[in-house]
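Novice: Pasting a structure below so you can have a look.
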Amino acid sequence: MVRTTTLDPTGPMYYNGIYHLFYQYNTKGEVWGNIVWAHSVSVDMVNWINLEHAIYPSEVFDKYGTWSGSTTILPGNKPVILYTGIVDDEQTQVQNYAIPANLSDPFLRKWIKPDNNPLVVADESINKTKFRDPTTAWLGQDGSWRMLVGSLRKNKRGLAILYRSRDFMKWTKAQHPFHSAAKTGNWECVDFFPVSLENTDGLDTSVIGEKIKHVLKVSLDDTRWDYYTIGTYDTKKDRYVPDDTMIEGYHGLRLDYGNFYASKTFYDPSKNRRILMGWCNESDVFPTDDIYKGWSGIQAIPRKLWIDPSGKHLVQWPIEELETLRKKKVELRNYKLNKGENIEVQGITPAQADVEVTFSFSSLENAEEFDPSWVDLYAEDVCAIRGSTVQGGLGPFGLLTLSSENLEEYTPVFFRVFKYQDKYKVLMCSDASRSSVRNHKKMFKPSFAGYVDVDLTDKKLSLRSLIDHSVVASFGAGGKTCITSRVYPALSIYGDTHLFAFNNGTETVKIDTLDAWSMDKADM
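Residue 34 in UniProt numbering is what sits at position 34 of the sequence shown, and the numbering runs on without skipping anything.
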């Protein structure tokens with residue numbers, strides 16, 4: 001058995017008709033270590049061909065590790081990899097680059113690390129052991145390239161350090177951080193990109209102009225979640241300024257409120273879209289279960305990403321190519337779910353399915369009051385208190401995924417609507433606490449949750465869940481809130497898996513439309 005660990009998507013890119021995914025990979029074990037840049041290619045981001053490793057420790061500037069980074073397409077259609085090299089056993093980190101050995105090879109199988117590495121070395125003002133993951137570079141209007149590197153200062157201030165270069169070879173650190181935030185800890189896998197305020201199209205990383213906002217995403221080492229803010233890139237000062245409504249740190253916006261970390265976006269010019277890719281770690285009994293099965297970690301389903309018309313948050317949706325895996329379909333229309341009622345979705349393979357459902361309700365009057373003591377709690381804490389089995393007013397209602405026949409185990413994905421002051425507050429949960437009858441103390445079975453910024457004027461809420469044995473990736477209200485759960489059922493596996501729609505609120509909820517497909521297996 002080949003024992004491996006799959007980690008961060010480090011350098012996804014589209015080049016000459018081929019999608020490339022580089023990712024952190026341990027070929028020698030099921031836990032972190034021995035990291036190389038694995039390399040896979042695809043024409044649709046669904047079916048992949050695994051190639052030989054692109055980068056692995058071999059030189060004095062990366063002898064102890066080849067960590068995360070990014071790709072940039074230079075003028076003349078020349079791709080380059082930027083990555084973090086570890087140079088000693090004290091984890092001193094430097095920034096390196098690699099280039100394709102043969103641009104005529106459509107798969108870019110071999111990569112060269114030139115002798116003028118490293119490109120960037122930490123100066124005395126930088127914590128050299130917290131200095132990693134260079135971003136995709138962007139070309140400024142002054143003709144200079146810019147890139148960011150995540151780091152940490154004293155008193156847990158996380159920051160993105162800005163570097164500039166005229167030729168992509170000699171880089172100079174800016175006098176001030178590009179952005180920083182107090183009490184956020186070490187910033188990893190920083191990502192910075194523009195989004196259009198006019199439509200859902202993606203933009204090349206170097207685009208600057210009117211009707212554009214910028215997004216700064218950071219992976220916080222302390223929490224292992226991905227957070228982002230939306231703001232303005234001040235090109236004169238070379239600083240990023242978050243919008244006034246943004247919250248930085250642990251209570252801020254997250255790309256995904258579940259098992260999702262170290263994400264990376266790239267611009268896909270073939271379809272004018274920005275694509276988000278992320279890593280889903282394991283949450284079973286560590287490391288026992290991972291060693292037993294011989295692998296750990298998966299890549300999340302690629303998602304198209306854009307800014308919501310409100311400008312308050314991002315929206316994500318599984319790439320359209322994923323629909324090529326849809327096979328047998330079943331439908332349900334205009335079905336009323338009364339209090340305490342479940343209905344089974346039959347005729348598909350519930351362990352590997354794609355489900356889209358729209359719920360409607362006749363009134364908001366039965367929404368329960370939001371307890372003022374919950375205001376400072378995280379959404380997942382409220383979900384743990386008001387789970388799917390706790391009867392409410394308007395909700396909980398949603399799907400019971402990866403369920404056993406008699407509901408000894410299941411992973412509910414659901415909404416609950418609260419009254420809060422003079423508005424309504426929508427909670428979306430993906431609750432793994434009942435996902436398995438296995439109750440080992442080391443198994444992580446959290447109540448993942450996030451709030452959904454949605455207008456309830458039409459009294460409707462939509463949900464899409466992609467189910468794949470140990471993964472439930474859910475998109476609420478058209479992708480305004482996303483939650484990915486890793487779960488490990490013991491009873492509801494393969495042909496013994498069931499799928500239900502449910503309502504445990506006093507308000508009757510109607511399933512306007514429910515479409516569910518069995519999903520085929522992708523080629524890997």
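The beta-carbon is built from N, C-alpha and C at its ideal position, and this holds for glycine as well. The model shown is predicted, which means the values in this text are computed figures rather than measured ones.
Any idea if GLY158 is buried or exposed, counting beta-carbon neighbours within 10 angstroms, 16 or more meaning buried?
Specialist: Counted from its first residue, the sequence shown places residue 158 at position 158. With 16 or more other Cβ atoms within 10 Å, it is buried.
Novice: What would DSSP say about SER435, mapped onto helix, strand or coil?
Specialist: As a working note, residue 435 is residue 435 in the sequence shown. SER435: coil per DSSP, three-state reduction.
Novice: Out of PHE193, ASP512 and SER430, state which residue places its alpha-carbon closest to the alpha-carbon of ILE212.
Specialist: Within the sequence shown, the letter at position 212 stands for residue 212. Checking every option, the nearest Cα to that of ILE212 belongs to PHE193.
Novice: Counting only the same chain and skipping the five closest in sequence on each side, list residues whose C-beta sits under 8 Å from that of residue 538.
Specialist: As displayed, the chain neither begins before 1 nor continues past 524, which places residue 538 out of reach and without an answer.
Novice: Rounded to a whole number of angstroms, what is the C-alpha to C-alpha distance between residue 534 and TYR488?
Specialist: Since the first and last residues shown for the chain are 1 and 524, residue 534 lies out of range.
Novice: For the stretch 372-387 and the stretch 340-349, state whether three or more C-beta atom pairs, one from each stretch, are separated by less than 8 Å.
Specialist: no
Novice: Using C-beta distances below 6 Å, list every residue in its chain close to TYR420, excluding the 5 sequence neighbours before and after it, in chain order.
Specialist: As a position in the sequence shown, residue 420 is number 420, starting the count at 1. Hits under 6 Å: PHE370.
Novice: Out of ALA38, GLY143, ALA262 and ASP191, which has the shortest C-alpha to C-alpha gap to ALA160?
Specialist: Indexing the sequence shown from 1 puts residue 160 at position 160. Of ALA38, GLY143, ALA262 and ASP191, the smallest CA-CA separation from ALA160 is found for ASP191.
Novice: Going by other Cβ atoms of all chains shown within 10 Å of its Cβ, with 16 needed for buried, is residue 531 buried or exposed?
Specialist: Not covered by the structure: residue 531. The range shown for the chain is 1 to 524.
Novice: Throw me the rounded Cβ distance for the residue 528 and ALA38 pair, which I believe falls under 8 Å.
Specialist: Past the edges of the chain, shown from 1 to 524, lies residue 528, and the structure says nothing about it.
Novice: Would you call the stretch 311-326 and the stretch 364-380 in contact, with 3 or more CB pairs under 8 Å?
Specialist: no
Novice: What did DSSP end up calling SER362 once you bin it into helix, strand or coil?
Specialist: Taking the sequence shown and counting its residues from 1, one reaches residue 362 at position 362. Residue state, collapsed to three classes: coil.
Novice: Give me the residue from PHE448, CYS189 and PRO309 with the minimum Cα distance to SER474.
Specialist: To locate residue 474, count along the sequence shown from 1; it is residue 474. The shortest C-alpha to C-alpha distance from SER474 to any of PHE448, CYS189 and PRO309 is the one to PHE448.
Novice: So TYR14 and SER270 are in contact, right, with Cβ under 8 Å, and what is the actual spacing, rounded?
Specialist: In the sequence shown, residue 14 corresponds to position 14, counting from 1. In the sequence shown, residue 270 corresponds to position 270, counting from 1. The pair is a contact, with the Cβ atoms about 6 Å apart (cut-off 8 Å).
Novice: Leaving out the 5 sequence neighbours to the left and right, which residues in its chain are closer than 8 Å to VAL207 when beta-carbon positions are compared?
Specialist: Working through the sequence shown from its first residue, we reach residue 207 at position 207. Closer than 8 Å at Cβ, skipping near neighbours: PRO194.
Novice: Which runs of the alpha helix (DSSP H) spanning at least 4 residues fall entirely within the stretch 244-309, listed in chain order?
Specialist: 288-293
Novice: Just to confirm my understanding: we take PRO302, look at its own chain, exclude 5 residues before and 5 after, and list those with CB closer than 6 Å. What are they?
Specialist: Counting from one through the sequence shown, the residue named residue 302 turns up at place 302. Taken in chain order, the residues that qualify are MET45, ILE275, MET277 and ILE319.
Novice: If I measure Cβ to Cβ from GLU507 and keep anything under 7 Å in the same chain, skipping five residues before and after, which residues do I get?
Specialist: Locating residue 507 in the sequence shown gives position 507, counting from the first residue. Around GLU507: PHE361, SER363, ASN366, GLY393 and LEU394.
Novice: Measure the alpha-carbon distance for GLY398 versus LEU332 and round it to whole angstroms.
Specialist: In the sequence shown, residue 398 corresponds to position 398, counting from 1. In the sequence shown, residue 332 corresponds to position 332, counting from 1. So the two alpha carbons sit approximately 14 Å from each other.
Novice: Excluding the 5 residues flanking TYR56 on each side, which residues of the same chain have their C-beta closer than 8 Å to its C-beta?
Specialist: The sequence position of residue 56 within the sequence shown is 56, counting from 1. Cβ within range, chain order: VAL36, TRP37 and THR66.
Novice: Taking the straight line between their C-alpha atoms, what separation do you get for GLY311 and LEU119?
Specialist: On the sequence shown, position 311 is the one that residue 311 refers to. On the sequence shown, position 119 is the one that residue 119 refers to. The alpha-carbon of GLY311 is positioned some 37 Å away from that of LEU119.
Novice: Determine which residues share a DSSP beta bridge with GLY69 and list them.
Specialist: The count along the sequence shown starts at 1 and reaches residue 69 at position 69. GLY69 pairs with TYR83.
Novice: Given a cut-off of 8 Å on the beta-carbon distance, is the pair GLY150 and TRP187 in contact?
Specialist: Counting from 1 along the sequence shown, the entry for residue 150 is found at position 150. Counting from 1 along the sequence shown, the entry for residue 187 is found at position 187. Yes, they are a contact pair.
Novice: Hey, how far is the Cα of HIS20 from the Cα of TRP317?
Specialist: For the purposes of this step, residue 20 is identified with residue 20 of the sequence shown, where counting begins at 1. For the purposes of this step, residue 317 is identified with residue 317 of the sequence shown, where counting begins at 1. Rounded to whole angstroms, HIS20 to TRP317 spans 20 Å at the Cα level.
Novice: Just mark ASP243 as buried or exposed, buried being the case when its beta carbon has 16 or more other beta carbons within 10 Å.
Specialist: Start at 1 with the first residue of the sequence shown, and residue 243 comes out as number 243. With fewer than 16 Cβ atoms within 10 Å of its Cβ, ASP243 is classed as exposed.
Novice: Below 6 Å CB to CB, which residues in the same chain sit around THR200 once its five sequence neighbours on both sides are set aside?
Specialist: Here residue 200 is taken as the residue at index 200 of the sequence shown, counted from 1. Cβ neighbours of THR200 beyond the five flanking positions: TRP306.
Novice: On the CB-based measure, 16 or more other CB atoms within 10 Å of its CB, does ASP523 come out buried or exposed?
Specialist: Residue 523 sits at position 523 when you count from the first residue of the sequence shown. ASP523 comes out exposed.
Novice: Beta strand (DSSP E) containing ILE55: first to last residue?
Specialist: The sequence position of residue 55 within the sequence shown is 55, counting from 1. Taken as a continuous stretch (DSSP letters only), the beta strand (DSSP E) holding ILE55 covers 49-55.
Novice: On the criterion of 16 or more Cβ atoms from any shown chain inside 10 Å, does GLN141 qualify as buried, or is it exposed?
Specialist: Along the sequence shown, one-based indexing puts residue 141 at 141. Result: exposed.
Novice: Exposed or buried, ASN504, counting other C-beta atoms within 10 Å across all chains shown (16 or more means buried)?
Specialist: Against the sequence shown, residue 504 aligns to sequence position 504. Residue burial is scored here from C-beta neighbours: ASN504 has at least 16 other C-beta atoms within 10 angstroms and is therefore classed as buried.
Novice: Have a look at the DSSP bridge pairing and note the partners of MET428.
Specialist: Taking the first residue of the sequence shown as 1, we reach residue 428 at position 428. Its beta-bridge partners are PHE415 and GLY450.
Novice: Below 8 Å between beta carbons: does that hold for VAL452 and THR481?
Specialist: What you label residue 452 is simply residue 452 of the sequence shown in a count that begins at 1. What you label residue 481 is simply residue 481 of the sequence shown in a count that begins at 1. In this structure, THR481 lies closer than 8 Å to VAL452 by Cβ.
Novice: From what residue to what residue does the alpha helix (DSSP H) around VAL382 run?
Specialist: Residue 382 sits at position 382 when you count from the first residue of the sequence shown. Looking at the DSSP string, the run of the alpha helix (DSSP H) that includes VAL382 is 379-385.
Novice: With distances taken from CA atoms, which of HIS469, SER42, GLU356 and TYR257 is nearest THR349?
Specialist: For the purposes of this step, residue 349 is taken as residue 349 along the sequence shown, with counting starting at 1. HIS469 is the residue among HIS469, SER42, GLU356 and TYR257 whose C-alpha sits nearest the C-alpha of THR349.
Novice: Whole angstroms are fine: how far does the CA of GLY495 sit from the CA of ALA181?
Specialist: Within the sequence shown, residue 181 is the residue found at index 181, counting from 1. Within the sequence shown, residue 495 is the residue found at index 495, counting from 1. Going from the Cα of ALA181 to the Cα of GLY495 covers about 49 Å.
Novice: Check the C-beta distance from SER486 over to CYS280 and give it rounded, since I have them as a contact under 8 Å.
Specialist: If you number the sequence shown from 1, residue 486 lands on position 486. If you number the sequence shown from 1, residue 280 lands on position 280. Checking the displayed sequence, the identity of residue 486 turns out to be Arg instead of Ser. Contact flag correct, Cβ pair sits at about 6 Å.
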